[in-house]
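I have placed the structure first, in the form of structure tokens, so that the comments after it can refer back to it.
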Amino acid sequence: MGQVRRTQEEVLDNITKAQQARRRHMTLKQDIITMSHGAGGKSSHELIEGLIRPILANPVLDSLDDAAVLPLSRFVSLGNGNLPELAFTTDSYTVSPVKFPGGNIGDLAVNGTVNDLAMSGARPIALSLGLILEEGLPVALLREVLESIAAHAKELGISIVTGDTKVVPRGKGDGLYINTAGIGIVERTWPMGQHLIQPGDKVLISGSVGDHGIAVMLRREGLEMESEVQSDTQSLYDLVHHLFVHISSAIHALKDPTRGGVATTLNEMAVSSDVAIKVYEDAVPVKESVRGACEILGLDPLTIANEGKMLVVVAKERAEEALSLMRQHPKGQDARIIGEVQEEPRGMVFLQTVLGGTRVLDMLVGDPLPRIC
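Numbering-wise, the sequence shown is residues 1 to 373 according to UniProt numbering.
This is the structure we're talking about:
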């Protein structure tokens, strides 16, 4: 019986070694994505084994099972011995062009998903990655995007644990779309959310507004400014954690002002908590290059998307401390207190202008900058 068991183990070991050798020698031969790469056959396996899996490799993903299995013990260990609350989010990315000053669709997808988790007070743990590829997409561009995804995930200490790839015919997908989902461990121990802001609270922004949307738009339209505008895409988890460590429950809400910009996000907050928010126009940080582009194009920086900034609503008595803490961090050096929460008029945001007047700051109407994230 012992001999039979050893023989079975040897057979299984040989099969495993053969599979590993086959993976090592499988290469992606084509320079562009073809429809066969989405058919589930040999070409699909060449795409996965010759490009995607080696770049994103980790023990969970390497199994290539239909679903990622994440042991609960892993979450318990991160929850100091208790089973913590989990945060779960999903997002899709259709930015055009795929590459833009300061980033590409890959790091945008990782950072955007991580930031959604961070705004809920969660530490990111794992991501899924869905790729929709258009026939004719250069493999070199796909490789660049995947390497960017891998680098940003590694920097954040998270893994891409499951994924999917589909190919659509030429002319039906505009290059590359990405869908992600993210799981995180909730680290905060107090209630927090946009429905919990209160009159008297102060509103802070972590840095300049409008960078991402303007960077993408200028590249897409082939327009040039005297100084190049760079996207602000970045993960905000470490900045959030920095604040949590020092002022914790004084933070009433966090939001990243992506599509629709600061104006839309503040309106969502005001409606959710049935309060008014007053914004001081002269306190909002806007880079001169972004301001210049907005003036030429007739756009309002407060309605332009950001991908690496956050709004922080904090108790009035801790606002200056929060500002100081943010400015101590590399991702919050240009932080400002830009407004305050008031009781009336409920559900509205208004702007105190640099000229001393007041006007309603409404949500973004229409879509002047489509496909910027």
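Where is the CB? At the ideal position from N, CA and C, for every residue including glycine. All values reported here derive from a predicted model rather than from experimental measurement.
For I337, DSSP records a beta bridge to L204.
Residue pairing by DSSP places R359 opposite L351 in a beta bridge. Boundaries of the beta strand (DSSP E) around R123: A122 to E134.
Along the length of the stretch 144 to 189, whole beta strand (DSSP E) runs at least 3 residues long occupy 159 to 168 and 176 to 186, reported in chain order. The beta carbon of P285 lies closer than 6 angstroms to those of S208, D334 and R336 in the same chain, with the five residues before and after it left out. Collapsing the DSSP output to three states places H37 in a helix.
Taking V354 as the centre and dropping the five residues before and after it, the same chain places the C-beta of E281 and D282 closer than 7 angstroms to its C-beta, in chain order. Around the CB of T189, fewer than 16 other CB atoms lie within 10 Å, so the residue is classed as exposed. Non-local C-beta neighbours of L72 in its own chain, meaning closer than 8 angstroms and more than five positions away in sequence, comprise L83, ordered along the chain. Cβ neighbours of E321 within its own chain (closer than 7 angstroms, five residues either side excluded): I247. Annotation note: the stretch 190 to 245 contains the following uninterrupted beta strand (DSSP E) runs of length 3 or greater, listed N- to C-terminal: 202 to 205.
Within the model, the alpha-carbon separation for L86 versus H152 is close to 22 angstroms. DSSP places Q30 outside both helix and strand once states are collapsed to three, so it counts as coil.
The count of Cβ pairs closer than 8 angstroms, one atom from the stretch 153 to 160 and one from the stretch 214 to 227, stays below three, leaving the stretches out of contact. Judged by DSSP in its simplified three-state form, T90 adopts strand. The C-beta distance from G261 to A305 rounds to 6 angstroms, short enough to fall under 8 angstroms.
Contact between the stretch 294 to 304 and the stretch 196 to 205 is absent: fewer than three C-beta pairs spanning the two stretches fall below 8 angstroms.
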